[in-house]
Structure formats: structure tokens, C-alpha cells
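>
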Amino acid sequence: MKRKFQSITNKLPAAIALIGIILIWQIVCMTGLVPSYMLPSPLQVMGALISDIENIMFHASFTLQETIYGLLIGIILSFVGATLMDRFAVIDKAFYPLMIITQTIPTIAIAPILVLWFGFDMAPKIILVVITTYFPIAIGLLDGYKSVDKDEIDLMRSMGAGRVAIFRHVKFPAALPHFFSGLKIASSYAVVGAVVSEWLGGFNGLGVYMTRMRKAYAFDNMFAVIILIIAISLLLLLLVHVISKAVMPWKKAERE
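In the working numbering, the protein residues as written are 1 to 256.
Right, dumping it as C-alpha cells:
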């Protein structure tokens, strides 16, 4: 009971800050400090979201598919890449700098090229999500592998354990906290990457919807989509948190 009460009180400051921002936003709009066509009020945004919810959710379904497919592929490629880089020093030296370089290229510069190469369907959006999510997950895993105490590995070897056993019982469990930290960052990047790629070409998706609303000067609908994107990102972060607690039960035991 005490722990639940403490959890609620820990979340109170964030909730109060969010409510305060929304109230200030509403007051600014009501007093006319900013014209409504430039900054719609929270009530207008909620009205736009409710009135056009069917159309918005239709486009959101495409963005979610691109996000989930890209994130899953990014996780698989990150796991393979980080494991190979940990196993072979030559691959680590060769590809680590390339991974850094990929993060210096603006996402908005890559998207038009992918659309040009792969067309306006879902493929270029998924590829951009993979590019966006690969780095934080791979770096997290790689740092996790390298954080293992060498004495633990030597102890396993002295007991006759091979590389597979060492990886399964020592390296992989040690890398899981780093992996989920990277996955939290990647999950928020994934939604943004999908939306950005949709801005620059496509037929469906929240990015396409936002472009159409911008051209129609329906900024209340644009703000409604922004709120939906934030909600999707928060839900993905919550899902990652729940999965991490299920996969790493020893972390909860350590905290207790």
C-alpha cells in the first residue's frame, strides 16, 4: 500500500505540470493573445480529433504498421550486428565508425532518396524506421556485452563452458538492461521516422494526413495528429517497460 502511494505521489508533479501547460494554452487562446488560426485551443484540438477520428485512425493504422515492422526488423538486425561486432574485433573496428556516420545524416535528407528508390508504398518508410532505430539498439547491446566482468567469463571457462553457454548465461543477461534502454529511445524514434518519411511521399499515414491538413490550413487537425503521435510513442514506451520487467524479473528483486 505504501509503495503504491509512493508511486502515485511520484507521478503527481508530471501530471500537475501537464495540466498547467494545457490550462495556460487554453487561457492564451481564450484571451486572443495568439490568433486561433495560428494556435488552436485544446478544446478545438479535441473537437477536431473526435470529429475526424475515423479518418485519423485509418491513417494511423498505416503509420503503426510501418513503425512496428521497422522496429522489429531493426531489433533483429541490431542483435545480429552487435553480436558479430562483439565476437569479431575486426567487424567492430570496421563498422562502428560507419554506424556513427549514419547518425550524422539528417533523416529528412534520406527519406526522399528512399522514396525515389523504392516508390511511395510502405517499403521506404519501413527502411527509414530501421535506419533510425538500428543505432540506439545496437549500441546498447554492444555496450552491454562489453560491460561483462572478465572474471565471470574466466570462471565460466574454468567450468568448461563454451562460447554459446557464456553468451547465454553471462553476456546476454548483462546486455538486457542496456538493450531495453536503447529500445526505449528507438521506439520513440520509430514513430517520428515513419511520420517524417510519409511527409515526403506516400498515399496513407499520419504524415500524409498532416500534409493535407497543412495545405488546407486545418491546424486544429494537425495538432490533433501531433497529440496522437505523442500518445502512440508513450504507449510504445510503456509496452517496452512492461516487457522489460517481464524479461528481467531479477531487477525487481534487486530493487526490493
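Every residue gets a Cβ at the ideal spot worked out from N, C-alpha and C, and that includes glycine.
Every value quoted in this text rests on a predicted model; they were computed, and no experiment measured them.
(1) Note down, in chain order, each residue of its chain lying with its Cβ closer than 7 Å to the Cβ of residue 130, except the 5 sequence neighbours on either side.
(2) How big is the Cα-Cα spacing for residue 189 and residue 183?
(3) Alpha carbon to alpha carbon, how far is residue 128 from residue 237?
(4) Could you check how far apart the C-beta atoms of residue 176 and residue 80 are, in whole angstroms? I think they sit under 8 Å.
(5) Got a sec? Which residues, its chain only, sit under 8 Å from residue 191 by beta carbon, not counting five neighbours each side?
(6) Can you tell me whether residue 139 is buried or exposed? The criterion is at least 16 other CB atoms within 10 Å of its CB, across all chains shown.
(7) Output yes or no for whether 7 Å exceeds the beta carbon distance between residue 197 and residue 109.
(8) Output the distance between the C-alpha atoms of residue 15 and residue 25, rounded to the nearest integer angstrom.
(9) Quick test of your reading: residue 146 and residue 220, contact by CB under 8 Å. State the CB separation rounded to the nearest angstrom.
(10) Please state the DSSP three-state secondary structure of residue 105.
This is what the structure gives:
(1) 70, 73, 74, 77.
(2) Between residue 189 and residue 183, the alpha-carbon positions lie close to 10 Å from each other.
(3) Distance between the alpha carbons of residue 128 and residue 237: 20 Å.
(4) The pair is not a contact, with the Cβ atoms about 16 Å apart (cut-off 8 Å).
(5) The residues are 63, 67, 229, 232, 233, 236.
(6) With 16 or more other Cβ atoms within 10 Å, it is buried.
(7) The criterion of a C-beta distance shorter than 7 Å is not satisfied by residue 197 and residue 109.
(8) Approximately 15 Å between the Cα atoms of the pair.
(9) No, residue 146 and residue 220 are not in contact; Cβ-Cβ is about 49 Å, not under 8 Å.
(10) Three-state DSSP puts residue 105 in coil, outside helix and strand.
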